[in-house]
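Heads up, the final residue of the sequence shown is numbered 707 in my numbering, and it's a clean run with no missing numbers.
Beta carbons are placed, not taken as given, at the ideal position from N, Cα and C, and that holds for glycine.
None of these values were measured; they are calculated from a predicted model.
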Amino acid sequence: MDEIQSLIQGFSIALSPFNLMLMVIGVLLGVIIGVLPGLGGANGVAILLPLTFTMPPTSAIILLSCIYWGALFGGAITSILFNIPGEPWSVATTFDGYPMARVGKAGQALAAAFTSSFVGAFVAVILITFLSPVVANFALQFGPPEFFSVYLLTFCAFVGMAKGSAMKTITAMMVGFALASVGLDTVTGQLRLTFGQTELLKGFDFLIAVIGLFGIGEILQTLEEGLAFKGAKAKLNLRTVLETWKELPRYWLTSVRSSIVGCFMGVVPGGATPASFMSYGLAKRMSPRGEHFGKGEMEGVVAPETAAHAAGTSALLPMLTLGVPGSPTAAVLLGGLLIWGLQPGPLLFVEQKDFVWGLIASIYLGNVVGLIIVLSAVPLFAAILRIPFSIIAPVILVICAIGAYTVHNSMFDVWLMVIFGVVGYVFKKLDYPFAPLVLALVLGDRAEDAFRQSMLLSQGDLSIFFSNPLVGGITGFALVMLFWPLLSGLKSKG
214 MDEIQSLIQG
224 FSIALSPFNL
234 MLMVIGVLLG
244 VIIGVLPGLG
254 GANGVAILLP
264 LTFTMPPTSA
274 IILLSCIYWG
284 ALFGGAITSI
294 LFNIPGEPWS
304 VATTFDGYPM
314 ARVGKAGQAL
324 AAAFTSSFVG
334 AFVAVILITF
344 LSPVVANFAL
354 QFGPPEFFSV
364 YLLTFCAFVG
374 MAKGSAMKTI
384 TAMMVGFALA
394 SVGLDTVTGQ
404 LRLTFGQTEL
414 LKGFDFLIAV
424 IGLFGIGEIL
434 QTLEEGLAFK
444 GAKAKLNLRT
454 VLETWKELPR
464 YWLTSVRSSI
474 VGCFMGVVPG
484 GATPASFMSY
494 GLAKRMSPRG
504 EHFGKGEMEG
514 VVAPETAAHA
524 AGTSALLPML
534 TLGVPGSPTA
544 AVLLGGLLIW
554 GLQPGPLLFV
564 EQKDFVWGLI
574 ASIYLGNVVG
584 LIIVLSAVPL
594 FAAILRIPFS
604 IIAPVILVIC
614 AIGAYTVHNS
624 MFDVWLMVIF
634 GVVGYVFKKL
644 DYPFAPLVLA
654 LVLGDRAEDA
664 FRQSMLLSQG
674 DLSIFFSNPL
684 VGGITGFALV
694 MLFWPLLSGL
704 KSKG
């Protein structure tokens, strides 16, 4: 009852005309940030953070958090329409969202993505409302061995749940690990695989790789097929959105499962990107239509979008309760809290009650506002498909180049994007999956750091990954997933 009374007080703060105006502005800015590849929610929030210094802390956090929700919504738009992930967590959405757009179902794909995002965020904010102290204690148990076991589970789940060749999945993942190892070794300070290029000191930036692999790779393949865009006559109106809503309850189990995965990865903190990949893999494995995933299956859009939004929202929980950000954007928001003179941690719920509950109320309202804005604009977004691809292709190339350049303000990154585009084209021609490569590139260095820190703690003893029930359970489940294709093969032969 205390939480409900505090939440009602939070709503009275968030529903002031000024704060409502900030919500709408924040969501609109966030959608634009999410649509532009290379910018990203964390960068957008960081760029706009100075604008909030003169605002009251509650209004400032409402504006910045709504930019974040808008970016989460907006990342799906270019993923579905052009196969270019606007945000890292939108990569998994491209696998089925883009094929749906290609066959004239852009409206259904966008409506499903936005609605699923809302559902994931709603589940996560309920978790924040009622389970803050419990989750805070749970997150405190995570050290390097636990982090590595979670990353290992994410990698192994991809191998275990791959419907195609397990060897192709592992090969693509190994390429990703090799790319992730380029740059400065964070443990020893040694340079690795830079070949004298100072631009590679920080390694390959994930966003540049994704823009190249998906955006440029897709354009190269479309050029080969004759500059045609099959979704040009997509029928889009309010009825499309309502029909999609009628179909979505069929995937309630996928939504529940993806929300759980997303909340877990947000609290751990693993992040929205691995959550979306893991949920997609689980949905593909458990769906009766799993073999149709990758060809335009709505369930393949529902799973990653629900998980990404649940993870992105629940990442605020460890930030508020422990001062440990669960995502890059949460880290930027944490910096904002410190600038405004607030100290994140358990005492924040006591000393700054209005601030905390005003923020939690704004998460409920901000996602409602975001859903209304993006759903009302679905016909506008999807109308872009009616423009001939011969006109859109150069525009996309320019946007990709600008996106790659703005990551580090370097032309070297633009050339890297082109190289990754060629790699993406080759992968498509040879039927190698993108997802394992991208996942390994994103999480490879984090997993390596966690593994090496664990080895330093245990003086090289691998049994540290089975040293307590939590880490042992996650590691054990990961190994089962890794050898699942082999076990399945033996079972079918038996």
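Pop quiz: residue i and residue j are said to be a contact at Cβ under 8 Å. What is the actual Cβ separation, rounded to whole angstroms?
i	j	result
Met491	Thr367	5 Å
Gly549	Ala273	7 Å
Gly475	Ala322	Contact flag wrong, Cβ pair sits at about 19 Å.
Leu277	Ile238	At roughly 11 Å, the Cβ-Cβ gap does not stay under 8 Å, so Leu277 and Ile238 are not in contact.
Phe640	Phe647	6 Å
Trp282	Asn580	6 Å
Thr486	Val655	5 Å
Ile280	Leu261	6 Å
Tyr493	Pro517	5 Å
Thr519	Gly310	That pair is no contact at about 13 Å.
Ala663	Tyr364	6 Å
Ile687	Ser362	4 Å
Ser676	Val514	Actually they are not in contact, since the Cβ atoms of Ser676 and Val514 sit about 41 Å apart, beyond 8 Å.
Pro649	Ala379	In fact, because the Cβ distance is near 10 Å, the residues do not count as touching under 8 Å.
Ala289	Phe327	7 Å
Leu593	Ala324	The Cβ separation is near 13 Å, so there is no contact.
Cys369	Leu692	7 Å
Identify, in the order they occur along the chain, each residue of the same chain with its Cβ nearer than 6 Å to the Cβ of residue i, setting aside the five sequence neighbours on each side.
i	result
Ile586	Val240
Ala524	Gly475, Met478, Gly479, Ala485, Ala488
Gln666	Pro357
Ser292	Pro298, Ser303, Thr306, Thr307, Gly310
Ser219	Trp570
Glu512	Tyr464, Thr467, Ala496, Ser500
On the DSSP bridge assignment, give the partners of residue i in chain order.
i	result
Leu294	Looking at the DSSP assignment, Leu294 forms no beta bridge with any residue, so it has no partner.
Leu404	Leu397
With 16 other CB atoms within 10 Å as the buried threshold, where does residue i fall?
i	result
Ile421	buried
Glu437	exposed
Lys642	exposed
Ile221	exposed
Pro312	buried
Thr453	buried
Met386	buried
Thr267	exposed
Ile217	exposed
Pro462	exposed
Glu431	buried
Val651	buried
Thr401	exposed
Val469	exposed
Asp658	buried
Asn622	exposed
Leu264	exposed
Asn681	exposed
Gly509	buried
Gly673	exposed
Phe295	buried
Glu564	exposed
Ser471	buried
Pro557	buried
Please work out which residues of its chain come closer than 8 Å, Cβ to Cβ, to residue i, disregarding the five sequence neighbours upstream and downstream, and give them in chain order.
i	result
Val395	Arg405, Leu406, Thr407, Leu413, Gly416, Phe417
Ile162	Because the chain spans 214 through 707 in this model, residue 162 falls outside it and cannot be assessed.
Gly243	Gly254, Gly257, Cys279, Ile280, Tyr281, Trp282, Gly283, Ala284, Leu285, Phe286, Gly287, Gly583
Val631	Gly425, Ile429
Ile383	Val372, Pro649
Ile552	Leu262, Phe266
Glu661	Ala393, Ser394
Please list, in chain order, all residues of the same chain as residue i whose beta carbon is under 7 Å from its beta carbon, the five residues on each side excluded.
i	result
Phe224	Ala574
Phe625	Glu412
Leu561	Leu533, Leu555, Val569
Ala543	Ala528, Leu529, Met532
Phe419	Pro301, Leu654, Val655
Lys446	With a pLDDT of only 44 at Lys446, under the threshold of 50, the placement of this residue in the model should not be trusted, and no figure is reported.
Leu433	Gly634, Tyr638
Evaluate contact between the segment 452 to 469 and the segment 419 to 433, counting only Cβ atoms and requiring at least three cross-stretch pairs below 8 Å.
Too few Cβ pairs lie closer than 8 Å, so no.
Would the segment 607 to 619 and the segment 387 to 394 be scored as touching if the rule is three or more Cβ pairs under 8 Å?
Touching, no.
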